[in-house]
Amino acid sequence: MTLYSLIHLALALAGAPLLLGIVNRIKAKIGGRTGQPLLQLYYDLAKLLRKGAVYSETTTWVFRAGPLVGLAAVVVALLVVPLGGVPAVASFTGDLVLLAYMLGLMRLATVLAALDTGSAFEGMGASREVQFAALAEPAMLLGLASMAVLTGKLSLSAMLAALSPAALPPLAAAALLLVGAAVFIVLLAENSRIPFDDPNTHLELTMIHEVMVLDHTGPDFAAIQYGAALKLWTYAAVLSGIILPIRTNCPWCDLLVGAGGVAVVVVAVGLVESGMARLRMLRVPQLLLAAVVLSLLALVLVLR
Amino acid sequence: MDMYILFIAVLAAGALVSLVLGRRAVANTIGAAASVLGGAAGLACGLAALAGQDWDLNLPWNVPMGSLHVAMDGLSGFFLAVISLICALAGVYGSGYLRPNGRTHLGSVWCFYLLLFASMGVVVAARNAMLFLVAWEAMSLTSFLLVMFDHHRAEVVRAGWTYLIATHLGTAFLLVMFLLCGRGGSMEFDAMDPQAAGAGVIFLLAMIGFGTKAGFLPLHVWLPEAHPAAPSHVSAVMSGVMIKTGIYGLLRMLEILTLQSPPPAWWGVALVATGAVSGVMGILLALAQHDLKRLLAYSSVENVGIITLGIGIGLLGRSSGNDAMAVLGFSGALLHVLNHALFKSLLFMGAGAVLHATGTREINRLGGLMKRMGTTGAMFLIASAAICGLPPLNGFVGEFCIYVASLSALEGGAAWAAVAAIGSLAMIGGLAVACFAKAFGIVFLGSPRSEEAKAAHEAPASMRVPMIILAVLCVVMGLCQPLIVASLRGSVLGLAAAPRPPEALQALWWVSAAGAAFIVLLIALALLRRRVLKGRNVAKGITWDCGYAAPDARMQYTASSFAMPLVVMFRALLGTKDTIERPQGLLPQSACAQTHTDDPFSRRVFRPVFLAVGWLGERLKWVQQGRNQLYVLYVALTVLVLLVWKLGGRP
């Protein structure tokens with residue numbers, strides 16, 4: 001951990017809601033609209049935090065615990081995520097597993113809170129969420145495993161710090177590209193973006209993430225929105241380290257490169273969202289399977 | 305040593321006394337008291353062995369090649385401690401679960417239970433193959449009798465017979481294995497010479513024989529039948545610790561087999577493959593079940609798969625000389641043995657409390673129990689999160705060790721086995737969340753789906769207290785795993801043949817720190833929300849159902865619908881059958897949809913085999929005519945053939 005790790009943490013905690021603003025702004029621009037303000041999510045969070053709460057009579061404390069467990073889990077996950085060459089607050093052998101499982105804990109909390117409402121729609125969303133995760137998780141962990149082989153390091157920070165253009169043989173560059181693609185697909189799926197889920201849809205039947213959180217109100221909903229933004233930052237930061245393997249010896253430059261990578265990822269998300277419609281539910285597992293295959297191909301390239 | 309003798313003596317005396325008490329209600333108290341006292345003695349003995357107090361006791365026994373040779377070392381002590389803890393708590397739970405009514409012969413139930421407990425204690429301490437087999441058989445028979453507790457019901461009897469046949473087939477392999485090992489003339493573990501008969505053959509026999517008890521796929525078929533059929537405290541013991549005696553046996557044999565030379569790589573590969581297949585198929589089959597206890601039984605197959613993955617990776621580490629990989633693999637396997645014992649017995653106790661309160665194990669008929677059985681629900685939730693391997697609970701750490709072991713193996717010769725381990729662990733992780741979100745979410749959350757669920761009541765204190773203790777242990781063990789790893793150091797280093805623990809184990813401190821950080825953060829957030837909401841309007845409403853203001857419990861998602869997408873995705877593996885009766889006509893009278901997933905292995909593999917055996921028996925019926933003269937003829941002919949064989953060999 002260095003001072004810069006803390007700067008990254010602060011940057012993530014403060015800047016994550018901006019990412020969704022950027023995605024929305026890009027979609028609006030391409031769609032020929034003015035779009036909502038870049039800081040819309042900040043306004044939303046502030047408004048939600050000023051409100052009271054409504055809880056369904058069906059629910060128990062599990063429902064109330066859901067948003068908080070999710071938020072706490074994603075913050076702890078963020079502690080092991082480096083930003084490009086800037087190491088994470090905590091880095092240790094196998095921290096990538098902790099990252100994946102903390103996000104798994106967040107998922108379980110959201111899913112159980114959804115089931116607690118006893119609503120058919122929320123049950124449906126929960127069911128889809130757990131289905132997609134079963135494929136997204138191997139894609140992510142196998143992809144990161146190939147990075148471990150490539151760099152010979154077993155912690156995310158060391159792994160990403162060891163990537164630099166000078167040290168990359170051509171095969172490794174190809175492997176990085178494959179892993180990047182796999183992690184990008186997982187990012188889209190886990191953050192419920194098009195083509196997996198449409199955050200702007202108005203029909204509960206077709207939602208995944210949004211439908212699970214229908215019954216949360218006030219500060220709880222703020223925790224959920226903020227947690228989702230942090231989750232997007234988490235994935236984008238990992239991906240940024242993979243797609244921009246530029247490591248300087250100056251920490252400020254590394255921070256800048258990392259943040260630039262996050263911006264690139266978010267712009268890419270916006271472009272994908274503008275360019276395509278969501279997939280039919282039945283097609284979604286196939287795309288996730290493709291991510292698993294990409295990760296395995298990367299492993300084939302690096303394991304010789 | 306004194307503690308061990310006390311352990312056996314208390315359990316034997318308890319068994320005898322409760323048998324004598326018969327149908328009297330006091331048998332319940334005596335049985336539970338004996339299991340707690342025996343458990344305390346066993347725990348003390350096991351912990352002392354873990355702390356380094358080894359001992360060896362060898363008494364003569366007038367059985368050919370047998371001796372009453374028992375000993376304690378780190379490995380035995382570890383398993384004895386786990387067995388004692390779970391059996392003691394399950395005993396207390398059982399006294400609340402079994403209701404004396406003057407008709408049930410409680411004395412015999414407690415007698416079998418205490419004998420099962422004692423025989424497991426002997427299995428993990430025995431150092432002579434004859435003693436081991438006798439204890440193994442006692443364990444199988446007492447658990448069979450316990451499974452048959454509810455013998456008025458046809459499916460219980462069926463489950464019992466399946467179990468009895470499966471366990472004896474497994475024992476047959478063990479018998480052959482020990483005979484081959486003991487060809488040098490001694491059945492003592494420390495005098496065995498496995499190399500004489502070919503270590504590879506012995507290894508395969510051990511894998512099949514012990515794998516049947518542990519529930520390796522495809523030898524698991526008895527498990528989803530027998531575990532649900534037994535009374536819940538017995539299910540907790542069977543799933544929590546009894547199947548682990550199979551793991552113990554395998555580890556003990558591996559220790560003997562690899563004493564002189566490192567194992568060949570294919571052993572590790574075979575175990576990794578078995579573990580990966582058991583893990584993934586186990587959790588998929590669990591996901592497809594709608595009987596709560598059957599679901600839990602399949603999830604035991606999954607967890608044994610994870611343990612096997614750890615052992616396989618550990619063995620590969622040994623054969624490739626990668627110490628870090630070997631130590632981490634074996635540590636992960638042993639940690640998961642302990643952790644799975646804790647949360648699986650807790651889950652079975654929770655399922656038992658649900659059964660006790662509602663009279664049904666059918667997940668689709670339950671729902672909303674959190675409001676009626678708050679404590680059971682909270683404990684079940686903790687165990688569910690733990691079994692998904694989620695931090696900060698105990699289930700994470702074992703899996704973490706196996707992940708790190710596999711990651712550190714990626715650069716060696718065993719890379720693809722490690723990739724298989726990582727891929728299958730990740731997939732198991734995702735599927736386990738789905739499975740236990742279903743098991744907990746549909747049973748305890750939402751609104752009740754039937755009258756039984758509406759009328760549910762909380763379990764008595766004697767059932768709640770053991771559950772609370774186990775749940776607390778799940779949380780505490782999640783935070784202090786490095787200490788447990790330290791106490792396992794001796795046995796792990798022995799199995800891994802490594803001089804010292806690797807640096808990578810230090811990561812466990814970080815894991816504990818992350819867990820603690822999570823808990824602190826969660827508490828802070830909860831306090832923050834309480835402050836924010838103070839003085840504001842916190843209202844109650846109905847669940848949002850798109851403006852439809854009369855929600856009904858039947859509109860909820862059911863367990864089957866929740867699992868449907870995954871079950872459809874893996875239909876080719878599961879072979880799930882649907883029966884759908886569509887509504888007909890303008891005013892449909894009836895409609896129904898059913899899904900059923902029975903075990904693909906028992907349907908496609910074992911059924912045909914046993915049908916063939918039955919067919920063959922049918923064809924050979926003419927041999928048995930029931931006439932004495934004929935049997936005398938058989939005997940004479942056999943003697944003649946033997947004589948010719950013996951003399952024909954001479955020049």
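The listed protein sequences correspond, in order, to chains E and R. The first sequence begins at 1 in the numbering used here and counts up by one. The second sequence begins at 305 in the numbering used here and counts up by one. Glycine included, C-beta positions come from ideal geometry on N, C-alpha and C. Just so it is clear, the structure is predicted and the values come from calculations on it, not from any experiment.
Inter-residue Cα distance where the pair is residue i and residue j
i, j, result
"A534(R)", "A637(R)", "27 Å"
"L18(E)", "I246(E)", "24 Å"
"T475(R)", "G553(R)", "12 Å"
"L48(E)", "Q860(R)", "28 Å"
"A820(R)", "D849(R)", "38 Å"
"G275(E)", "A645(R)", "51 Å"
"A741(R)", "A126(E)", "9 Å"
"L561(R)", "P567(R)", "8 Å"
"L156(E)", "H8(E)", "15 Å"
"L323(R)", "L473(R)", "30 Å"
"R768(R)", "L255(E)", "52 Å"
"I691(R)", "L890(R)", "48 Å"
"L420(R)", "L445(R)", "8 Å"
"G621(R)", "G486(R)", "28 Å"
"L523(R)", "K51(E)", "57 Å"
"A857(R)", "A291(E)", "38 Å"
"M147(E)", "P368(R)", "59 Å"
"L946(R)", "A940(R)", "10 Å"
"S258(R)", "V525(R)", "An answer regarding residue 258(R) cannot be provided, because it is not within the stretch 305 to 955 covered by chain R."
"L297(E)", "F493(R)", "47 Å"
"A394(R)", "M653(R)", "8 Å"
"Y707(R)", "A495(R)", "36 Å"
"V266(E)", "G152(E)", "29 Å"
"A345(R)", "G663(R)", "35 Å"
"V836(R)", "G227(E)", "18 Å"
Beta-bridge pairing of residue i - partner residues as DSSP gives them
i, result
"N432(R)", "E492(R)"
"Y55(E)", "K844(R)"
"K881(R)", "H900(R)"
"A375(R)", "D360(R)"
"D595(R)", "E666(R)"
"L83(E)", "V86(E)"
Beta-carbon proximity list for residue i, same chain, < 8 Å, skipping 5 on both sides
i, result
"A337(R)", "G318"
"I208(E)", "G125, R128, E129, F132, S192, F196, D197"
"P364(R)", "S371, L372"
"V815(R)", "P695, F700, V701, F704, Q785"
Cβ neighbours of residue i in the same chain (closer than 6 Å, five flanking residues each side left out)
i, result
"L351(R)", "A385"
"N626(R)", "G716"
"S616(R)", "Note that residue 616(R) is Gly in the sequence shown, not Ser. For G616(R), where only same-chain residues beyond five positions count, the Cβ hits under 6 Å are G572, L575, V576, G579."
"L642(R)", "V386"
"A182(E)", "A139, G143, A291, L294, S295"
"L685(R)", "F744"
"V69(E)", "A109"
Own chain partners of residue i with C-beta closer than 7 Å, once the 5 adjacent residues on each side are dropped
i, result
"Y602(R)", "P528, G586, L589, A590, Q593"
"T59(E)", "D116, T117"
"L154(E)", "T93, G94, A148"
"V321(R)", "I334"
"G66(E)", "A109, T110, L112, A113"
- Within the stretch 443 to 498 of chain R, note down every full beta strand (DSSP E) run reaching 3 residues or more, in order along the chain. none
- Note down, one range per segment and in chain order, each alpha helix (DSSP H) of at least 4 residues found wholly within the stretch 726 to 775 of chain R. 755 to 758
- Is it a yes or a no for the stretch 805 to 812 of chain R touching the stretch 651 to 665 of chain R, going by three-plus beta-carbon pairs under 8 Å? no
- Item | Entirely enclosed beta strand (DSSP E) segments - the stretch 688 to 714 of chain R, minimum 3 residues | none
- How about the stretch 377 to 391 of chain R and the stretch 343 to 362 of chain R: do they share at least three Cβ pairs that are nearer than 8 Å? yes
- Query: Three or more beta-carbon pairs under 8 Å between the stretch 114 to 124 of chain E and the stretch 742 to 753 of chain R, yes or no?
  - Reply: yes
- Query: So, do the stretch 280 to 289 of chain E and the stretch 30 to 49 of chain E have three or more beta carbon pairs nearer to each other than 8 Å?
  - Reply: no
- Query: What are the start and end residues of each continuous alpha helix (DSSP H) run of 4 or more residues lying completely inside the stretch 564 to 608 of chain R, in chain order?
  - Reply: 569 to 592
- Item | Touching by the beta-carbon criterion (3+ pairs, under 8 Å), the stretch 796 to 803 of chain R and the stretch 432 to 447 of chain R | no
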